[in-house]
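Working notes, structure below.
2 protein chains.
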Amino acid sequence: MDDELSRVFAALADPTRRDMVARLATGDATVSELAEPYDVSVQAVSKHLKVLEEAGLVSRSRDAQRRPVHLEAQVFDLMTRWVERYRREAEARYRRLDAVLAEMTHPQDTHHADEENVS
Amino acid sequence: MDDELSRVFAALADPTRRDMVARLATGDATVSELAEPYDVSVQAVSKHLKVLEEAGLVSRSRDAQRRPVHLEAQVFDLMTRWVERYRREAEARYRRLDAVLAEMTHPQDTHHADEENVS
DNA sequence: CACGTATTCAACCGGATGGTTGACGAACGT
DNA sequence: ACGTTCGTCAACCATCCGGTTGAATACGTG
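Rendered as structure tokens:
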């Protein structure tokens with residue numbers, strides 16, 4: 005897992021971590037606050053946060069012995085760009101297929117080339 | 005890894021699989037066609053495709069002994085909804101913080117409550 | 001200083017993951 | 001019917017991942 009996008013997707017592949025992101029979207033929180041809803045050790049939560057941090061999804065500051073966790077907005081843009089790009093392409097292809105099917109069912113004006121192999 | 009969103013994110017956490025998605029966005033392809041660019045065995049590629057299929061990102065049909073792989077558009081919506089939701093919230097919080105900071109630097113009309121602890 | 005609180009580090013464990021090789025099945029082409 | 005091509009299944013291996021427990025660190029307070 006080297007590049008950022010891989011780290012981000014991997015981080016969000018875990019339901020607990022996604023849940024933490026959802027939680028952090030409403031406001032910053034400390035590690036123990038974040039740990040409270042789940043019945044895993046605080047250390048496990050700390051590990052999850054490390055994963056989220058290394059993915060750039062959260063940042064941590066310092067307040068006495070606390071370590072408030074903050075959700076970072078920027079990384080979401082990276083994901084949005086990737087997802088939207090291929091979503092658009094996939095949908096465009098889907099619409100194009102639709103058109104082809106429509107043409108096949110009422111084939112007036114059939115001018116498409118013969119069986120171009122999809123490569 | 006039980007729920008769909010987890011499977012989708014996990015599937016896309018691998019650069020090779022993201023690459024295949026990018027490749028498939030331009031058109032359907034067979035397993036061996038997809039395997040060609042990478043220097044891994046065809047079996048490994050087959051495994052990757054299984055992961056993508058179980059995540060609902062691709063589907064496979066049958067054409068003689070070929071097994072054309074097709075990118076599915078719908079699942080992208082699921083991701084878009086999740087990502088966009090928290091991106092919006094995170095950005096909204098960011099803008100709000102901006103406003104608070106602005107108020108602190110030129111504190112005319114300071115009417116915010118005293119130190120409400122972020123819980 | 002000593003103590004409690006909050007968090008992380010280190011070592012360990014079982015299960016998943018990504019890769020390999022080898023064998024098999026399914027569908028042409030001749 | 002035979003061999004060839006395309007793809008998957010099975011077993012194996014090294015590594016990663018999410019969890020644990022136990023010790024260490026960092027900071028505020030008595």
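In the order they appear, the protein sequences are chains A and B. At position 65 of the first sequence the residue is numbered 69 (my numbering), and the sequence of numbers has no breaks. At position 11 of the second sequence the residue is numbered 15 (my numbering), and the sequence of numbers has no breaks. Each residue gets a CB set at the ideal place from its N, CA and C atoms; glycine is no exception. Just so you know, these numbers come straight off a predicted model, no measurement behind them.
Is it the case that the Cβ atoms of alanine 59/B and leucine 28/B are separated by a distance below 9 Å? As a working note, residue 59/B is residue 55 in the second sequence. As a working note, residue 28/B is residue 24 in the second sequence. No, the Cβ-Cβ distance between alanine 59/B and leucine 28/B is not below 9 Å.
Could you check whether the Cβ of glutamate 76/B sits closer than 9 Å to any Cβ belonging to chain A? For the purposes of this step, residue 76/B is identified with residue 72 of the second sequence, where counting begins at 1. So yes, glutamate 76/B belongs to the interface.
Taking all protein chains shown into account, do 16 or more other C-beta atoms lie within 10 angstroms of the C-beta of arginine 99/B, making it buried, or fewer, making it exposed? Within the second sequence, numbered from 1, the residue matching residue 99/B stands at position 95. So arginine 99/B counts as exposed.
Where does leucine 75/A fall in DSSP's three states? Here residue 75/A corresponds to residue number 71 of the first sequence, with the count starting at 1. Three-state DSSP puts leucine 75/A in a strand.
Do you know how far the Cα of threonine 20/A is from the Cα of arginine 89/B? For the purposes of this step, residue 89/B is identified with residue 85 of the second sequence, where counting begins at 1. For the purposes of this step, residue 20/A is identified with residue 16 of the first sequence, where counting begins at 1. Approximately 17 Å between the Cα atoms of the pair.
Tell me, which residues are paired with serine 63/B by DSSP? Sequence index remark: in the second sequence, residue 63/B carries index 59 (1-based). Serine 63/B is bridged to His74/B.
Between the CA atoms of histidine 74/A and arginine 97/A - distance to the nearest angstrom: Numbered from 1 along the first sequence, position 93 holds the residue referred to as residue 97/A. Numbered from 1 along the first sequence, position 70 holds the residue referred to as residue 74/A. In a straight line, the C-alpha of arginine 97/A is about 39 Å away from that of histidine 74/A.
Need the endpoints of the alpha helix (DSSP H) that glutamine 47/A sits in, please. Residue 47/A sits at position 43 when you count from the first residue of the first sequence. Per DSSP, glutamine 47/A belongs to the alpha helix (DSSP H) from 46-58.
Out of Arg91/B, Val35/B, Arg70/B, Trp86/B, which one is the CA nearest neighbour of serine 10/B? Numbered from its first residue, the second sequence carries residue 10/B at position 6. Comparing C-alpha distances from serine 10/B to each of Arg91/B, Val35/B, Arg70/B, Trp86/B shows the shortest one belongs to Trp86/B.
Buried or exposed for aspartate 32/B, going by 16 or more other Cβ atoms inside 10 Å? Within the second sequence, numbered from 1, the residue matching residue 32/B stands at position 28. Classification for aspartate 32/B: buried.
Got a sec? Which residues, its chain only, sit under 7 Å from valine 46/B by beta carbon, not counting five neighbours each side? Taking the first residue of the second sequence as position 1, residue 46/B is located at position 42. Here the set comprises Val35, Ser36, Ala39.
If I'm right that phenylalanine 80/B touches alanine 94/A with Cβ under 8 Å, what's the distance once you round it to whole angstroms? Translated into the one-based positions of the second sequence, residue 80/B becomes position 76. Translated into the one-based positions of the first sequence, residue 94/A becomes position 90. Yes, phenylalanine 80/B and alanine 94/A are in contact; Cβ-Cβ is about 6 Å, under 8 Å.
Inter-residue spacing [alpha-carbon to alpha-carbon] between arginine 22/A and proline 41/A: Along the first sequence, one-based indexing puts residue 22/A at 18. Along the first sequence, one-based indexing puts residue 41/A at 37. Those two C-alpha atoms are separated by around 13 Å.
At least one CB of chain B closer than 9 Å to the CB of arginine 91/A: is that the case? Position 87 of the first sequence, counted from the first residue, corresponds to residue 91/A. Taking 9 Å as the threshold, the shortest C-beta distance from arginine 91/A to chain B falls below it.
Which class does alanine 68/B belong to by DSSP, given the choice of helix, strand or coil? Here residue 68/B refers to the residue found at position 64 when the second sequence is read from its first residue. Alanine 68/B falls in the coil class under three-state DSSP.
Considering only residues of the same chain and omitting the five flanking positions on each side of serine 65/A, which have a CB-CB separation below 6 Å? Your numbering for residue 65/A matches position 61 in the first sequence. The residues Pro72, in chain order, have a CB closer than 6 Å to that of serine 65/A in the same chain once the five nearest residues on each side in sequence are set aside.
Do alanine 77/A and arginine 91/B have their beta-carbon atoms positioned less than 9 Å apart in this structure? Along the second sequence, read from residue 1 onward, the residue named residue 91/B stands at position 87. Along the first sequence, read from residue 1 onward, the residue named residue 77/A stands at position 73. Contact: yes.
If we cut at 9 Å on Cβ distances, does alanine 17/A have a partner in chain B? Translated into positions along the first sequence, residue 17/A becomes position 13. Flagged as an interface residue toward chain B: alanine 17/A, by a C-beta distance shorter than 9 Å.
Scan the segment 8-42 of chain B for residues whose Cβ lies nearer than 9 Å to a Cβ of chain A and list them as they occur along the chain. Leu9, Ser10, Arg11, Val12, Phe13, Ala14, Ala15, Leu16, Ala17, Asp18, Pro19, Arg22, Val25, Ala26, Leu28, Ala29, Thr30, Gly31, Asp32, Ala33, Glu37
Residues of chain A with a CB under 7 Å from the CB of valine 87/B: which are they? Here residue 87/B refers to the residue found at position 83 when the second sequence is read from its first residue. The answer, in chain order, is Phe80, Met83, Thr84, Val87.
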